[in-house]
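Contents: one structure, followed by commentary.
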Amino acid sequence: MKKHVSAIVYGGLDGIITTFAVVAGSVGGNVSNIVIIILGFSNLLADGFSMGAGAYLSATSDNNQSKSKALAAGIATFISFNVFGLIPLGAYLITNALIHDKAIAFPIAFVIVGVSLALLGWVKANLSEQKVRTEILRTLSVGYVAAIVAYGVGILLNYYL
Numbered sequence: 004m005k006k007h008v009s010a011i012v013y014g015g016l017d018g019i020i021t022t023f024a025v026v027a028g029s030v031g032g033n034v035s036n037i038v039i040i041i042l043g044f045s046n047l048l049a050d051g052f053s054m055g056a057g058a059y060l061s062a063t064s065d066n067n068q069s070k071s072k073a074l075a076a077g078i079a080t081f082i083s084f085n086v087f088g089l090i091p092l093g094a095y096l097i098t099n100a101l102i103h104d105k106a107i108a109f110p111i112a113f114v115i116v117g118v119s120l121a122l123l124g125w126v127k128a129n130l131s132e133q134k135v136r137t138e139i140l141r142t143l144s145v146g147y148v149a150a151i152v153a154y155g156v157g158i159l160l161n162y163y164l
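To convert, take the position in the sequence shown, counting from 1, and add 3; that gives the numbering used here.
Put into structure tokens, the structure is as follows:
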């Protein structure tokens, strides 16, 4: 697993961030839950595939990298993207299904996403032997800034369109 730390962290972080950005932007734009589900799962699978393929193609451009190692990096990225990306999408959908109120469901999902970002930061710190606190704070910062930007764009576009 240590040899794929980079692919796992890269795929996982992007999975959480882009999937939650879709949710955050959609909630900010006040779109229906059906649209959030469609956009969320479309993003999850298409972007996950793109990330995995990109990791593979990137690794094959390195002459020192074997095709099997490149394939392993691509698969690790794809799996990590989808596993971690399901967390924010699932958190929002389950919370909203139970509460039936976006104004309450979204902040709860925001907290759950924070826990998943912190978990990913912890995984990164332990696999790469970095400082746990630093990696958790970095991961939380990047993820939350992206979500806030997406939410704000959703609000602005909803207002102006």
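We treat Cβ as the ideally placed atom computed from N, Cα and C, and that holds for glycine.
In the three-state scheme derived from DSSP, where H, G and I count as helix and E and B as strand, K127 is classed as helix. Distance check between G28 and each of A150, Y163, K127, F44 places A150 closest, using alpha-carbon atoms only. Residue environment for I90: buried (at least 16 other C-beta atoms within 10 angstroms of its C-beta).
Between L130 and V8, the beta carbon gap of about 4 Å places them in contact (Cβ cut-off 8 Å). Residue environment: G32 is assigned as buried (16 or more neighbouring CB atoms within 10 Å of its CB, all protein chains considered).
If you draw a 10 Å sphere on the C-beta of I102, you find fewer than 16 other C-beta atoms in it, and that means exposed. Non-local C-beta neighbours of G77 in its own chain, meaning closer than 6 Å and more than five positions away in sequence, comprise G55, A58, Y59, ordered along the chain.
When DSSP states are grouped into helix, strand and coil, V34 belongs to the coil group. Excluding five sequence positions before and after T22, the CB atoms of its chain that fall closer than 7 Å to its own CB belong to G43, N46, L47, G88, P91, L92, given in chain order. Under the DSSP assignment, E138 falls in the alpha helix (DSSP H) whose first and last residues are 135 to 163.
Annotation for K6: no alpha helix (DSSP H) segment contains it, and DSSP assigns it neither H nor E.
Here G51 is near G18, since their CB atoms are less than 8 Å apart. DSSP, read as helix, strand or coil, puts S45 in helix. Short of 6 Å from the beta carbon of T142, and not among the five residues preceding or following it, lie these beta carbons of its own chain, in chain order: L120, L123, G124.
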